[in-house]
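Asker: Sequential numbering of the sequence shown, starting at 1, is according to the UniProt record's numbering. All residues carry an ideal CB built from backbone N, CA and C; glycine is no exception.
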Amino acid sequence: MSGEAAGSGQAADVMCKKREDYLEWCEYFMAVAFLSAQRSKDPSSQVGACIVNPENKIVGIGYNGMPNGCHDDVLPWARTASDRLDTKYPYVCHAELNAIMNKNSADVKGCIMYVALFPCNECAKLIIQAGIKEVIFMSDKYHDTPEMKAARHMFDLSGVKYTKFVPKQKSIVIDFDSINSKRSPPAL
Ligand SMILES: [Zn+2]
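Written as C-alpha cells, this is what we have:
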C-alpha cells in the first residue's frame, strides 16, 4: 500500500511541474515562418517570414506569392523560359515584402524578422527602410550570388544584424490529434 501511495505521489509531482520541452521563443517564431511558407503556391520555393516586436509579439507574417488580385493560375511559376516575362521572377512577391506589408502595427521599427531564407537585395532594401534591426535566417544557400552579396553589404552599412538560426531540433511536428489524448480527471 505504501509503495502505491509513493508511486501516485510521484506521478502527481510530475504533473504539477511545468513542461520542460516547450518551444523557446526563437524556435516558435521560426516555426511560424515555416508554417506560413506552407501557404505558398510556388512549386519550387516556399519561403515564410515572421516579424516580431521587442515584446515578443508577432506583428507581421508573410510568404512568397503573386500580388493581390493577380491570380495564381494566370501568372507563370517557371524558373526558366526563353522570355523572362514567362518566369515568376518579374511578378512574385517575396515573403519579406509580404510580412512587412501585412504588418498589424503602425510600423516595424526595432523588430526582428525570422525568415527561412537569407533575404535578397530587394528585400534587404525593404527591411532596412522599414527599420527592422535584425534578420534571423535558417538557410543561406544562395550565399555567393550577387543578390545576397549586395544584401549583406547593405545590411553591414546600415547596421542591420543578421544571424543564422541553429535549431535545437530538426523538426517540429504538429499533431492535431494530440489534443484528444486522454488524461485522468483531477482527483476531488
Ligand atoms: Zn527577396
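Once DSSP output is grouped into helix, strand and coil, what is the label at residue 137?
Answerer: Residue 137: strand per DSSP, three-state reduction.
Asker: Looking at the secondary structure, which residues open and close the beta strand (DSSP E) in which residue 161 lies?
Answerer: Residues 161-164.
Asker: Taking Cβ to Cβ, would you say residue 37 is nearer than 8 Å to residue 63?
Answerer: The answer is yes: Cβ separation under 8 Å.
Asker: Determine, using beta carbons only, whether residue 65 and residue 51 come nearer to each other than 8 Å.
Answerer: Contact: no.
Asker: Rounded to the nearest angstrom, how far is the Cβ of residue 94 from that of residue 123, given a contact under 8 Å?
Answerer: Contact holds; Cβ gap of about 5 Å.
Asker: In whole angstroms, what separates the C-alpha of residue 177 from that of residue 72?
Answerer: Those two C-alpha atoms are separated by around 32 Å.
Asker: Near residue 27, what residues of its chain come up, given a Cβ to Cβ distance below 8 Å and the 5 sequence neighbours on each side ignored?
Answerer: If we look at residue 27 and ignore the five residues flanking it on each side, its Cβ neighbours are 167, 168, 169, 172.
Asker: Taking the C-alpha atoms as reference points, what is the distance between residue 80 and residue 68?
Answerer: Their backbone Cα atoms lie some 23 Å apart in a straight line.
Asker: According to DSSP, simplified to helix, strand and coil, what is residue 195?
Answerer: Residue 195 lies beyond the range of the chain shown here (1 to 188); nothing can be said about it.
Asker: If I follow the unbroken alpha helix (DSSP H) through residue 112, where does it start and stop?
Answerer: Residue 112 -> not in any alpha helix (DSSP H); beta strand (DSSP E) instead, spanning 112-117.
Asker: In whole angstroms, what separates the C-alpha of residue 150 from that of residue 18?
Answerer: Those two C-alpha atoms are separated by around 46 Å.
Asker: Within a Cβ cutoff of 8 Å, which residues of the same chain sit near residue 84, ignoring the five residues on either side of it in sequence?
Answerer: 90, listed in sequence order.
Asker: What number of angstroms, rounded off, separates the C-alpha of residue 129 from the C-alpha of residue 159?
Answerer: Their backbone Cα atoms lie some 12 Å apart in a straight line.
Asker: Nearest by alpha-carbon distance to residue 138: which of 154, 162, 153 is it?
Answerer: The candidate whose alpha carbon is nearest that of residue 138 is 162.
Asker: Assuming the contact rule is C-beta atoms closer than 8 Å, residue 115 and residue 135 should be a hit. Round their C-beta distance to whole Å, please.
Answerer: That pair is a contact at about 6 Å.
Asker: Quick one: is residue 101 buried, meaning 16 or more other Cβ sit within 10 Å of its Cβ, or exposed?
Answerer: The residue in question, residue 101, is exposed, as its Cβ has fewer than 16 Cβ neighbours within 10 Å.
Asker: Give me the Cβ distance between residue 125 and residue 154, rounded to the nearest whole Å; I'm assuming they're in contact under 8 Å.
Answerer: Sure, about 7 Å apart at Cβ, within 8 Å.
Asker: Mind checking residue 184: buried by the 16 CB within 10 Å criterion, or exposed?
Answerer: Exposed.
Asker: What would DSSP say about residue 61, mapped onto helix, strand or coil?
Answerer: Three-state DSSP puts residue 61 in a strand.
Asker: Give, in chain order, every unbroken run of the alpha helix (DSSP H) that is at least 4 residues long and sits entirely within the segment 78-132.
Answerer: Listed in chain order, the complete alpha helix (DSSP H) runs (minimum 4 residues) inside the segment 78-132 are 95-101, 121-130.
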